[in-house]
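Asks: If you read the sequence shown in my numbering, its first letter stands for residue 4, the second for the next number, and so on. Glycine is no exception: its CB is placed at the ideal position from the N, C-alpha and C atoms. The following block contains the structure, expressed as C-alpha cells.
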Amino acid sequence: MREPFEYAVIRLVPRVERGERINVGVVLYCQGRDFLAARTHLDADRVRALAPDVDLAEVAAALGSWDRTCAGEGPSGRMRRGERFRWLAAPRSTMIQTGPVHTGLTADPAAELDRLLDALVR
Numbered sequence: 004m005r006e007p008f009e010y011a012v013i014r015l016v017p018r019v020e021r022g023e024r025i026n027v028g029v030v031l032y033c034q035g036r037d038f039l040a041a042r043t044h045l046d047a048d049r050v051r052a053l054a055p056d057v058d059l060a061e062v063a064a065a066l067g068s069w070d071r072t073c074a075g076e077g078p079s080g081r082m083r084r085g086e087r088f089r090w091l092a093a094p095r096s097t098m099i100q101t102g103p104v105h106t107g108l109t110a111d112p113a114a115e116l117d118r119l120l121d122a123l124v125r
C-alpha cells in the first residue's frame, strides 16, 4: 500500500546574495511509515565551479548534521519526526537551505529517497 510523503531538496547556496545554488541532498518524511531521513551528495567539482573558495569539509560537516537531526540526535530528539521535518524544511537564509516542500505516494520511503537523490542531485 502506498503512503503519502513529503520531501524537500537540500541546496547549497555558497553566496546567499547571488542566489546561485547547487542541489546537494533530499530530506523525506512519510508519516504513515514513521520515516524521516536525509540523503546528501556533495559534488566537489560542481561546487568549486560556482564558488572555488567554499570550505568543502565544513559543508560536508553541516550536511552530516541533517542526518543526525533526522535520527533525533541531540536536542532534536525531543521533537517528533514531523516536527523535525518541518524544522529542517523551514525557509532560511544560510548557505544550506531547502527548496519548497513537494508531495507524492510511495510504498518504500527509503527507496523513494534514493530515487529522488539520483533524479534531483546526482
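Give the straight-line distance between the Cα atoms of leucine 66 and glycine 80, rounded to the nearest whole angstrom.
Replies: Stepping through the sequence shown from its first residue, residue 66 is reached at position 63. Stepping through the sequence shown from its first residue, residue 80 is reached at position 77. Each residue's Cα considered, the two are about 18 Å apart.
Asks: Please specify which runs of the beta strand (DSSP E), each continuous and at least 3 residues long, are wholly inside the region 22-81, giving them in chain order.
Replies: The qualifying runs are 25-33 and 38-43.
Asks: Look at the alpha carbon of arginine 49 and the alpha carbon of isoleucine 25, and state the distance between them as a whole number of angstroms.
Replies: Residue numbering aside, residue 49 sits at position 46 when the sequence shown is read from its first letter. Residue numbering aside, residue 25 sits at position 22 when the sequence shown is read from its first letter. Approximately 8 Å, taken between the alpha carbons.
Asks: Short of 6 Å in beta carbon distance, which residues of its chain neighbour leucine 59, apart from the five on each side in sequence? Order them along the chain.
Replies: Counting from 1 along the sequence shown, the entry for residue 59 is found at position 56. Once the five neighbours on either side are set aside, the close Cβ partners of leucine 59 are Ala47.
Asks: Check the DSSP bridge columns for alanine 11 and list the partner residues they point to.
Replies: Along the sequence shown, one-based indexing puts residue 11 at 8. Bridge partners of alanine 11: Val30.
Asks: Compute the Euclidean distance between the alpha carbons of histidine 105 and tyrosine 10, then round it to the nearest angstrom.
Replies: By 1-based counting over the sequence shown, the position of residue 105 is 102. By 1-based counting over the sequence shown, the position of residue 10 is 7. Roughly 5 Å between the two C-alpha positions.
Asks: Is the beta carbon of arginine 87 closer than 7 Å to that of leucine 39?
Replies: In the sequence shown, residue 39 corresponds to position 36, counting from 1. In the sequence shown, residue 87 corresponds to position 84, counting from 1. The answer is yes: Cβ separation under 7 Å.
Asks: Just the Cα atoms here: how many angstroms apart are alanine 122 and valine 62?
Replies: The residue labelled residue 122 in the question sits at position 119 within the sequence shown. The residue labelled residue 62 in the question sits at position 59 within the sequence shown. Cα-Cα distance, rounded: 21 Å.
Asks: Using 10 angstroms around the beta-carbon of threonine 97, count the other beta-carbons present and answer buried if the total reaches 16, otherwise exposed.
Replies: As a working note, residue 97 is residue 94 in the sequence shown. Counting Cβ neighbours within 10 Å, threonine 97 comes out exposed, since fewer than 16 surround it.
Asks: From glycine 22 to leucine 53, what does the alpha carbon distance come to, in whole angstroms?
Replies: Here residue 22 refers to the residue found at position 19 when the sequence shown is read from its first residue. Here residue 53 refers to the residue found at position 50 when the sequence shown is read from its first residue. Approximately 11 Å, taken between the alpha carbons.
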